[in-house]
Amino acid sequence: MTDKELIEGILNKNQATFKILVDKYQSLVLNTCNSFLHNKTFSEDVTQEVFIEVFLSIHKFKKEAKLSTWLYRISVNKSLNFIRDNKKNNLFKSIENFFLGEGNQELQISDNEHETSENEAIQKERIELLHQSINALSKNQKVAFTLHKMEDLSYKQISEVMNLSLSSVEGLIHRAKINVQREILSFYKKK
Amino acid sequence: MKCKTVHTNLIPYFNNELQLAQKKEIKKHIENCEACNYKYSQLEITFNLIAKKEVLEPDPFLYMRINRHLANLQNEKNQPVYNAFYIRALQPALFSLVLLVSIWGSLKLSSISSVKGSLLKTQTTEFYFNDLGHEKMEVLLLKD
């Protein structure tokens, strides 16, 4: 079934067509969300939100555009919104923990970490550092860099998803790469 | 070459953006300096982890969950609109009405108690003199 037929089917409220679309693009949406969120459960929740949005606002979709580009755009926006909301929740949680004095949990986690092998811990630390460095980027740099490096999207595809010129995307990715490398290097300089 | 100079050129070196002569100098320094070697290798290993992306398996129950969520949304839409109206407008109106009635009731009660109080006062101050004992029996019989 082509994308055009899928869109027509969903516009006619055909549930079977919508199921085909979910099956066809689930992997793309799920992995794009995971590139931003780095968490399977969160990514699955956001993927669900993405497809609900698709079903509810399919009438807004411009038929001349590519369906995958539209899906990437919704996935990126939903993931960024999730990160924003999660930051607020984490702030409230940390305030709550401060007042409730829940320091024992952290001790338990650090005890468990000792059980894992040293190599695994180092690898975990590196991945964490990389994610932190990417999260520290500005919104546009983060989106362009993640879509290029993790989703293997071309500059042209990224420019379509972000509604930017090719040269802007190129500049964003270059600056993002330098900023991530600087962040990594500054971490090891402190050590 | 000093370590400080190497540090400032480490990122361009990593990205292969330096001229050949400078590149050779830095390479030589990194090979001989333990601290610079450590920083460079950590940068290389950590940055290259981007390529090792975790690929998630699709969730077989995703469509079911989406469908259930959409059905819930549809049910919420079908619920009568006045429910929301009740909550937003009528509830505070009802609350204010109850408040007004209770104020009015308390005022009324206080006014009644003040009237009752005055009656009791008159009852207590008024002296009913029983003069039956002073009248003679004969006089009583003569009255009718």
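Residue numbers (our numbering), protein chains in the order written: chain Y, 1 to 191; chain S, 1 to 144.
Just so you know, even glycine gets a beta-carbon here, dropped at the ideal spot from N, CA and C.
Please read all numbers here as calculations on a predicted model, not as lab measurements.
query	result
C-beta atoms of S:Ile66 and Y:Phe51 nearer than 9 angstroms	yes
Closer than 7 angstroms at the beta carbon, the chain Y residues around S:Thr5	Those within 7 angstroms of S:Thr5 in chain Y number zero; the least Cβ separation is about 14 angstroms.
For Y:Met162, the three-state DSSP class (helix, strand or coil)	helix
Selected residue, minimal CA-CA separation from Y:Ile184, among Y:Ala144, Y:Val143, Y:Arg126 and Y:Ser154	Y:Arg126
Through-space distance from Y:His148 to Y:Ile158, alpha-carbon basis	7 angstroms
Near-chain Y residues of the region 8-28 of chain S - C-beta to any C-beta below 7 angstroms	Leu10, Ile11 and Phe14
Y:Val169 versus Y:Leu67 - alpha carbon distance	21 angstroms
S:Gln42 versus S:Leu94, S:Phe14, S:Gln74 and S:Ala89, residue with shortest Cα-Cα distance	S:Phe14
N-terminal and C-terminal residue of the alpha helix (DSSP H) that S:Pro12 is part of	Cys3 to Phe14
Simplified DSSP state of Y:Glu106, which is helix, strand or coil	The predicted model places Y:Glu106 with a pLDDT of 47, which falls under 50 and marks its position as unreliable; any figure quoted below should be read in that light. Reduced to three states, the DSSP call for Y:Glu106 is helix.
Beta-carbon spacing of S:Ala51, S:Cys3 below 9 angstroms	no
From Y:Lys156, Y:Val161 and Y:Ala176, residue whose alpha carbon lies closest to that of Y:Val167	Sequence inspection shows Ser at residue 167 of chain Y; the Val mentioned does not correspond to that position. When only C-alpha atoms are compared, the closest one is Y:Lys156.
Proximal residues of chain Y, C-beta to C-beta of S:Lys39 below 7 angstroms	Leu185, Tyr188 and Lys189
Where Y:Phe55 meets chain S, residues with beta-carbon distance less than 8 angstroms	Ile66 and Leu70
Closest Cα partner of Y:Gln141 within the set Y:Lys177, Y:Ser154 and Y:Met150	Y:Lys177
Nearest residue (CA-CA) to Y:Ser165, options Y:Val180, Y:Ala144, Y:Asp152 and Y:Glu151	Y:Ala144
Distance between Y:Leu28 and S:Leu56 (C-alpha atoms, nearest Å)	10 angstroms
Where Y:Leu53 sits in the DSSP three-state scheme	The amino acid at residue 53 of chain Y is misidentified as Leu; the sequence shows Glu. Residue state, collapsed to three classes: helix.
CB contact check: Y:Asp23 to chain S, cutoff 9 angstroms	yes
Separation of S:Pro60 from Y:Ile83, as counted between CA atoms	25 angstroms
C-beta neighbour in chain S for Y:Thr17, strict 9 angstroms	no
Cutoff 9 angstroms: Y:Arg175 Cβ touching any chain S Cβ	no
Range covered by the alpha helix (DSSP H) that runs through S:Cys33	Looking at the DSSP string, S:Cys33 is not in any alpha helix (DSSP H), and its letter there is neither H nor E.
Closest Cα partner of Y:Met1 within the set Y:Leu21, Y:Asn12 and Y:Met162	Y:Leu21
Chain Y contact residues for S:Leu56, given Cβ-Cβ distances below 7 angstroms	Leu30, Asn31, Asn34, Lys40 and Ser43
Partners in chain S for Y:Phe51, counting only beta-carbon separations shorter than 7 angstroms	Ile66
C-beta neighbour in chain S for Y:Gln157, strict 9 angstroms	no
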